[in-house]
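J.: First to last, the protein sequences are chains X and E. Plus 1 on top of the position in the first sequence (first one is 1) and you've got our numbering. Plus 1 on top of the position in the second sequence (first one is 1) and you've got our numbering. Below is one structure. I have some questions about it.
Number of protein chains: 2
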Amino acid sequence: MARISNTKNSTRKEVITLAAARLFREKGFSATGMRDLAGDVGVEAASLYNHIRSKSELLQEICFRIANAFTAQLNELETDQKTTSIQKIEAVVRFHIRMWIDRLDEVLVANNESKYLEEPYHATFMNERRIYVRRLEMIIEQGIRDGQIRIIEPYAVVLTLLSAVRGIEFWHRTKKNISAAQLEESMVANLIGGLKK
Amino acid sequence: MARISNTKNSTRKEVITLAAARLFREKGFSATGMRDLAGDVGVEAASLYNHIRSKSELLQEICFRIANAFTAQLNELETDQKTTSIQKIEAVVRFHIRMWIDRLDEVLVANNESKYLEEPYHATFMNERRIYVRRLEMIIEQGIRDGQIRIIEPYAVVLTLLSAVRGIEFWHRTKKNISAAQLEESMVANLIGGLKK
DNA sequence: AAAAAATGCTAACAACTGTTAGCATTTTCC
DNA sequence: GGAAAATGCTAACAGTTGTTAGCATTTTTT
Numbered sequence: 002m003a004r005i006s007n008t009k010n011s012t013r014k015e016v017i018t019l020a021a022a023r024l025f026r027e028k029g030f031s032a033t034g035m036r037d038l039a040g041d042v043g044v045e046a047a048s049l050y051n052h053i054r055s056k057s058e059l060l061q062e063i064c065f066r067i068a069n070a071f072t073a074q075l076n077e078l079e080t081d082q083k084t085t086s087i088q089k090i091e092a093v094v095r096f097h098i099r100m101w102i103d104r105l106d107e108v109l110v111a112n113n114e115s116k117y118l119e120e121p122y123h124a125t126f127m128n129e130r131r132i133y134v135r136r137l138e139m140i141i142e143q144g145i146r147d148g149q150i151r152i153i154e155p156y157a158v159v160l161t162l163l164s165a166v167r168g169i170e171f172w173h174r175t176k177k178n179i180s181a182a183q184l185e186e187s188m189v190a191n192l193i194g195g196l197k198k
Numbered sequence: 002m003a004r005i006s007n008t009k010n011s012t013r014k015e016v017i018t019l020a021a022a023r024l025f026r027e028k029g030f031s032a033t034g035m036r037d038l039a040g041d042v043g044v045e046a047a048s049l050y051n052h053i054r055s056k057s058e059l060l061q062e063i064c065f066r067i068a069n070a071f072t073a074q075l076n077e078l079e080t081d082q083k084t085t086s087i088q089k090i091e092a093v094v095r096f097h098i099r100m101w102i103d104r105l106d107e108v109l110v111a112n113n114e115s116k117y118l119e120e121p122y123h124a125t126f127m128n129e130r131r132i133y134v135r136r137l138e139m140i141i142e143q144g145i146r147d148g149q150i151r152i153i154e155p156y157a158v159v160l161t162l163l164s165a166v167r168g169i170e171f172w173h174r175t176k177k178n179i180s181a182a183q184l185e186e187s188m189v190a191n192l193i194g195g196l197k198k
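Have a look at this one:
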């Protein structure tokens with residue numbers, strides 16, 4: 002009767018959730034079975050239900066934890082009145098890059114598997130996302146008004162920035178010459194500074 | 002006994018494949034049942050097998066058709082010796098944008114569901130992708146040597162460019178003020194021209 | 001050390017999966 | 001119009017799915 006190992010900082014539910022994040026990313030939510038997950042944490046499938054309510058609950062946990070992390074960073078950022086629009090956008094981009102580097106499993110699940118959230122969670126998640134994008138648009142708009150950002154479609158900019166960092170997924174697959182720090186600097190330079198000489 | 006409608010330019014297999022692309026995108030490959038697909042084309046599940054070999058075959062069809070489209074464009078582009086590196090990169094980016102706008106279903110399936118390809122198809126697909134990325138890197142490298150592109154990590158640039166256009170997925174969801182042409186120009190300006198004033 | 005709580009196990013369920021067999025009907029071809 | 005090909009249907013298969021019930025064991029608390 003092997004127990005799920007837990008530490009002071011990590012409940013058994015937490016261990017299961019992180020294992021689920023890895024599996025949901027690798028195999029997708031639908032293709033991941035509770036028996037896969039149980040095997041990964043070293044237990045029978047039925048035993049999982051002493052710690053979680055359902056497979057869906059795991060997905061909710063993962064998705065909203067990530068959504069909250071992004072929202073919290075933006076909240077904190079907006080309280081600082083001294084930073085310029087460009088600086089704010091750069092801080093957001095850097096935060097996204099680090100999240101994609103440090104917490105790839107969860108971030109990818111929140112991006113790719115959130116469609117399997119049940120209602121009303123799915124609607125809530127999509128709505129939070131919409132609001133988040135809108136808030137970023139407003140920062141861009143402010144930067145344009147201040148003459149700091151050249152005149153450009155704010156919506157397109159935000160879509161571009163938020164998607165561009167997804168390339169990090171492939172960097173993970175083939176960890177090569179380039180380090181995380183290098184990758185971050187190159188991406189920031191490319192996205193904020195532009196490509197042309 | 003309702004037949005699957007077909008036209009001169011579109012075999013029944015083609016009709017099924019495009020319906021599959023839409024469902025695979027919406028619900029994911031694993032969560033899409035053959036009975037869903039059958040219902041969508043107005044037929045019983047078993048009847049599909051008069052036209053296709055398996056569910057997997059549909060995924061292969063979709064993924065490699067898209068992969069071939071991108072490779073073909075790059076082949077054509079590279080035969081033209083008159084274009085500069087920047088022009089080539091811009092042409093590639095524009096092609097990606099148009100593919101994401103015009104053939105969203107198939108492109109998204111090739112991106113998100115290719116992991117469900119069986120071997121050896123999955124390995125082949127990933128390899129083709131790797132080679133494609135490498136070829137783009139070489140164009141960037143050439144541009145740097147020519148002094149046309151500022152010194153920057155080519156691998157990071159390619160990852161950024163190829164991922165940035167994925168933002169179009171969300172544009173599709175909320176077709177708003179901004180037109181496809183506007184979106185393309187904004188993205189190109191942002192990615193090629195840079196953000197800073 | 002006894003009682004209570006936590007955690008694990010096996011067995012089972014109903015629903016759903018992709019696919020095949022066998023047969024009926026419609027369309028295409030000569 | 002008759003033969004051959006194409007396409008559809010129903011029924012069924014073996015396997016897998018998430019989850020629950022009931023019970024055994026271990027850990028924690030008193």
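Where is the CB? At the ideal position from N, CA and C, for every residue including glycine. Keep in mind that this is a model prediction, so the values were computed, not measured.
Okay, do the region 146 to 153 of chain E and the region 107 to 118 of chain X touch, 3+ Cβ pairs below 8 Å being the bar?
T.: Contact fails: fewer than three Cβ-Cβ distances are below 8 Å.
J.: Should residue 48 (chain E) be flagged as near chain X, meaning a C-beta pair shorter than 9 Å?
T.: The sequence position of residue 48 (chain E) within the second sequence is 47, counting from 1. So no, residue 48 (chain E) is outside the interface.
J.: Would you mind telling me which residues of chain X sit closer than 7 Å to residue 171 (chain E), beta carbon to beta carbon, in chain order?
T.: Sequence index remark: in the second sequence, residue 171 (chain E) carries index 170 (1-based). Per Cβ cutoff of 7 Å: 160.
J.: Taking the Cβ atom as the reference point for each residue, do residue 192 (chain E) and residue 171 (chain X) lie within a distance shorter than 9 Å?
T.: Your numbering for residue 192 (chain E) matches position 191 in the second sequence. Your numbering for residue 171 (chain X) matches position 170 in the first sequence. No.
J.: Helix, strand or coil: how does DSSP classify residue 132 (chain X) here?
T.: Taking the first sequence and counting its residues from 1, one reaches residue 132 (chain X) at position 131. Residue 132 (chain X) falls in the helix class under three-state DSSP.
J.: So with Cβ pairs under 9 Å, would you call residue 166 (chain E) a contact of chain X?
T.: Numbered from its first residue, the second sequence carries residue 166 (chain E) at position 165. Residue 166 (chain E) counts as touching chain X.
J.: Please confirm if residue 183 (chain X) has its CB atom under 9 Å from at least one CB of chain E.
T.: Reading the first sequence from its first residue, position 182 is the one you call residue 183 (chain X). Yes, because at least one Cβ of chain E sits closer than 9 Å to the Cβ of residue 183 (chain X).
J.: How would you call residue 36 (chain X), buried or exposed, if buried means at least 16 neighbouring beta carbons within 10 angstroms?
T.: As a position in the first sequence, residue 36 (chain X) is number 35, starting the count at 1. So residue 36 (chain X) counts as exposed.
J.: Between the alpha carbons of residue 125 (chain X) and residue 64 (chain X), how many angstroms are there, rounded?
T.: Looking up residue 125 (chain X) in the first sequence gives position 124. Looking up residue 64 (chain X) in the first sequence gives position 63. Residue 125 (chain X) and residue 64 (chain X): Cα-Cα distance of roughly 11 Å.
J.: Under 7 Å Cβ to Cβ from residue 140 (chain E), same chain only, skipping five residues before and after it: list those, please.
T.: Position 139 of the second sequence, counted from the start, is the residue given in the question as residue 140 (chain E). Result list for residue 140 (chain E): 86, 89, 90, in chain order.
J.: Which residue's Cα is closest to the Cα of residue 60 (chain X): X:24, X:75, X:71?
T.: Taking the first sequence and counting its residues from 1, the one referred to as residue 60 (chain X) is at position 59. Nearest of X:24, X:75, X:71 to residue 60 (chain X), Cα basis: X:24.
J.: Classify residue 162 (chain E) as buried or exposed, calling it buried when 16 or more other Cβ atoms lie within 10 Å of its own Cβ.
T.: To locate residue 162 (chain E), count along the second sequence from 1; it is residue 161. Buried, by the Cβ-count rule.
J.: Determine, for residue 175 (chain E), whether the minimum Cβ-Cβ distance to residues of chain X falls below 9 Å.
T.: For the purposes of this step, residue 175 (chain E) is identified with residue 174 of the second sequence, where counting begins at 1. Closer than 9 Å: yes.
J.: Quick check on residue 55 (chain E) - is its C-beta less than 9 Å from some C-beta in chain X?
T.: Translated into positions along the second sequence, residue 55 (chain E) becomes position 54. No, its Cβ sits nowhere closer than 9 Å to a Cβ of chain X.
J.: Roughly how many angstroms separate the alpha carbons of residue 31 (chain E) and residue 41 (chain E), rounded to a whole number?
T.: Against the second sequence, residue 31 (chain E) aligns to sequence position 30. Against the second sequence, residue 41 (chain E) aligns to sequence position 40. Going from the Cα of residue 31 (chain E) to the Cα of residue 41 (chain E) covers about 17 Å.
J.: Does the distance between the C-beta of residue 175 (chain X) and the nearest non-hydrogen atom of the ligand PLP fall short of 8 Å?
T.: By its list of ligands, the structure shown contains no ligand whatsoever, and the ligand PLP lies outside what it can speak to.
J.: Using a 10 Å radius around the Cβ and a threshold of 16 neighbouring Cβ atoms, would you call residue 27 (chain E) buried or exposed?
T.: Here residue 27 (chain E) is taken as the residue at index 26 of the second sequence, counted from 1. Counting Cβ neighbours within 10 Å, residue 27 (chain E) comes out exposed, since fewer than 16 surround it.
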